[in-house]
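S.K.:
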Amino acid sequence: MNDSMKRKLVFILTAAVLVLLGGVAIYYTTMPSGCSSKRKVGNFYEIDCPTKGLKAGKNKVCGVVLHHTACMTMRQSLDALTESGKVSCHVTIDRDGTRYILASPEQITMHAGYSYHNGMTGLNRYFVGIEFQSIDTHRQPLTNEQIESAIDYLLPIIKKHHIRLDNIVTHEQVRTAWLKRHPDRTDIPAKVDISQADYQRFMAALRKRMGR
Ligand SMILES: [Zn+2]
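Residues in the sequence shown are numbered consecutively from 8, following the numbering used here.
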């Protein structure tokens with residue numbers, strides 16, 4: 008191979024790597040094609056990203072389950088929650104407080120799975136699901152923006168549906184409660200979202216905003 012061929016080869020390889028890296032960068036910084044452009048609502052941005060993960064029927068909207076996404080990036084979280092048809096939620100909140108609206112509160116999404124709370128089993132039919140972008144709230148706590156944005160989203164829903172504060176719970180709480188009632192189901196893994204520390208922060212901020 009002569010020098011000119013070598014140079015051409017290096018050029019082609021460099022170009023290929025750049026195109027690949029560019030593609031990866033575009034993937035992680037753009038949203039799924041079904042999402043709307045963002046609009047400012049109060050202090051935060053909101054984007055509609057309708058989910059394919061809906062169940063027939065009407066949500067009773069008598070509580071809220073808090074989750075962390077456990078995904079590295081927002082794009083990965085949105086792909087799972089809007090496209091998979093296996094998991095979904097009502098709103099996903101990015102680290103800067105941007106809210107991705109996946110469904111209306113009255114729709115039934117798939118976030119709670121095996122769950123029990125205050126006499127209700129299978130909370131997908133009863134509770135709204137909020138996912139916070141975090142690989143793991145035990146290692147990557149919620150940002151203050153995430154907490155305030157979630158409260159902005161929730162306050163009108165709490166008011167409209169008269170949601171009791173003891174019906175605002177973590178995924179871990181409702182999964183653990185279900186497992187306690189089904190000790191034979193050792194095949195169902197426990198959940199660790201949201202951390203108790205972040206749950207306490209969230210509830211304290213919510214009570215403060217509600218003046219309670
Ligand atoms: Zn969860």
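All residues carry an ideal CB built from backbone N, CA and C; glycine is no exception.
Just to be sure I understand the criterion: a residue counts if its Cβ is closer than 5 Å to at least one heavy atom of ligand 3. Which residues meet that?
M.R.: As presented, the structure is devoid of ligand 3, carrying ligand 1 as its sole ligands.
S.K.: Can you name the start and end residues of the beta strand (DSSP E) that Y52 belongs to?
M.R.: F51 to D55 is the extent of the beta strand (DSSP E) around Y52.
S.K.: If we count the other Cβ atoms within 10 Å of its Cβ and call it buried at 16 or more, is H169 buried or exposed?
M.R.: exposed
S.K.: When you compare each of H145, A22, R106 and R219 to Q153 by their alpha carbons, which one comes out closest?
M.R.: R106
S.K.: Between which two residues does the alpha helix (DSSP H) holding T183 run?
M.R.: Counting along the chain, the alpha helix (DSSP H) containing T183 begins and ends at H178 to R188.
S.K.: Spatial neighbours of R132 within its chain, please: C-beta separation below 7 Å, excluding the five flanking residues on both sides.
M.R.: G64, N66, K67 and I115
S.K.: In angstroms with no decimal places, state the Cα-to-Cα distance between S11 and R82.
M.R.: Taking the straight line joining both Cα atoms gives about 42 Å.
S.K.: When you compare only the Cα positions, how much space is there between D50 and I100?
M.R.: Per the sequence shown, residue 50 should be read as Asn rather than Asp. Roughly 13 Å separates the two Cα atoms.
S.K.: For H189, does the count of other Cβ atoms within 10 angstroms reach 16, so buried, or fall short, so exposed?
M.R.: exposed
S.K.: Is the separation between the beta-carbon of A212 and that of I158 shorter than 8 Å?
M.R.: Yes; because the gap between Cβ atoms is below 8 Å, this pair is in contact.
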